[in-house]
Amino acid sequence: MMQQPPPQQPGMAPPPPPQAAGGQPPQWGGIPPPMTQQYGAPPPQQPPAMWGQPPPQAHYGQAPPPQQFYSAPPAPAPAQAAPTASDEVRTLWIGDLQYWMDEGYIYGCFASTGEVQSVKLIRDKNSGQLQGYGFVEFTSRAAAERILQTYNGQMMPNVELTFRLNWASAGEKRDETPDYTIFVGDLAADVTDYLLQETFRVHYPSVKGAKVVTDKLTMRSKGYGFVKFGDPTEQARAMTEMNGMPCSSRPMRIGPAASRKTTGVQERGKRQALPMSCRFGTC
DNA sequence: GGTGAGCGC
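When the letters of the first sequence are read in order and numbered with full-length UniProt numbering, they come out as residues 1 to 283.
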């Protein structure tokens, strides 16, 4: 059986998943349960509290709001907000944000933890446009770590997107276990992360997650995606065994995944180099 | 159709 996050309540912060499991929490594959698809449609009709409503027309005319910091209001009981070593790394990078997700929305996402210190979203200096990423500082490194483990890959409130979190690189890059990824093309338009993941997972238990690439603005699938494996031999097998297999209504076309352009947050040290002889599962 | 996801505007 698989553990799935409980359905979300509109207007609420995401369910803080059970205590960070002692094992390996989902990285980017904790695919949430399938929900009604709403491509291109911003959140439901009930925005959370007063935060981050998707603006019908953002009023980014001029006077871009200056850098905003959200100092945690006294909302939830500050757990053990004893300021620890001031040099301690406790900031997470957060990305894959929609343009209407402002500091308030992000703050609201983690408010229930009571451990948010500040939220800083990056915007274009001239237009004031949010850039789709930012930084969330927590009250302690332990808190940041806990949030990273439990929220990353989970659904964000009121929108069909999952949290994309990582340590802020200024501090420390950590990306534990290496993973082995394949490229999957020719996906039907209705294939979701979850479906893609399950299509593989039933055959390969080491599947960590799957990601259908979507256009950030329209949320529409670009027709391809990636599946991550923990086991390189399963990756290799899947390359041949699953090629041409249907997912939803269309046969998948599988290939090796070219590494993402960023060289920033990858496994430190070695990266997965697929010998030519292995490229198509011949080894 | 095609190789994701990014670090302080």
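Every residue gets a Cβ at the ideal spot worked out from N, C-alpha and C, and that includes glycine. Everything numeric in this text was worked out from a predicted model, so none of it was measured.
Whole-number beta carbon distance between residue j and residue i, since they are thought to touch under 8 angstroms
| i | j | result |
| --- | --- | --- |
| Asp102 | Gly132 | So it is not a contact: roughly 12 angstroms between Cβ atoms. |
| Lys208 | Gly225 | That pair is no contact at about 14 angstroms. |
| Phe183 | Ala257 | 4 angstroms |
| Ala188 | Arg253 | Incorrect: roughly 12 angstroms between the Cβ atoms, too far for contact. |
Secondary structure of residue i, DSSP reduced to three states
| i | result |
| --- | --- |
| Thr91 | strand |
| Ser112 | helix |
| Arg250 | strand |
| Leu195 | helix |
| Phe163 | coil |
| Asp231 | coil |
| Gln149 | helix |
| Thr139 | coil |
| Ala257 | coil |
| Tyr107 | helix |
| Thr240 | helix |
| Arg220 | coil |
| Ala210 | strand |
Environment of residue i [buried if 16+ CB atoms lie within 10 Å]
| i | result |
| --- | --- |
| Ala210 | buried |
| Thr218 | exposed |
| Ser169 | exposed |
| Lys228 | buried |
| Val202 | exposed |
| Lys125 | exposed |
| Thr139 | buried |
| Ser259 | exposed |
| Pro157 | buried |
| Thr150 | buried |
Option in the options with minimal Cα separation from residue i
| i | options | result |
| --- | --- | --- |
| Val159 | Asp231, Arg90, Ile122, Tyr105 | Tyr105 |
| Tyr99 | Thr91, Val119, Gly128, Val89 | Gly128 |
| Thr181 | Gly255, Lys125, Trp93, Arg90 | Gly255 |
| Thr113 | Leu196, Glu137, Arg253 | Glu137 |
| Thr90 | Lys120, Arg141, Ala111 | The sequence as given places Arg at residue 90; Thr does not occur at that position. The shortest Cα separation from Arg90 among Lys120, Arg141, Ala111 belongs to Arg141. |
| Gly153 | Ile147, Arg146, Thr162 | Thr162 |
| Ala236 | Asn166, Asp193, Ser206, Gly185 | Ser206 |
| Trp93 | Gly223, Thr214, Asn166, Ser259 | Asn166 |
| Gly244 | Thr214, Ser259, Phe200, Arg220 | Phe200 |
| Asp190 | Gln197, Gly223, Asp215 | Gly223 |
| Ser221 | Asp193, Ala143, Pro157 | Asp193 |
| Val116 | Ile122, Ile147, Arg123 | Ile147 |
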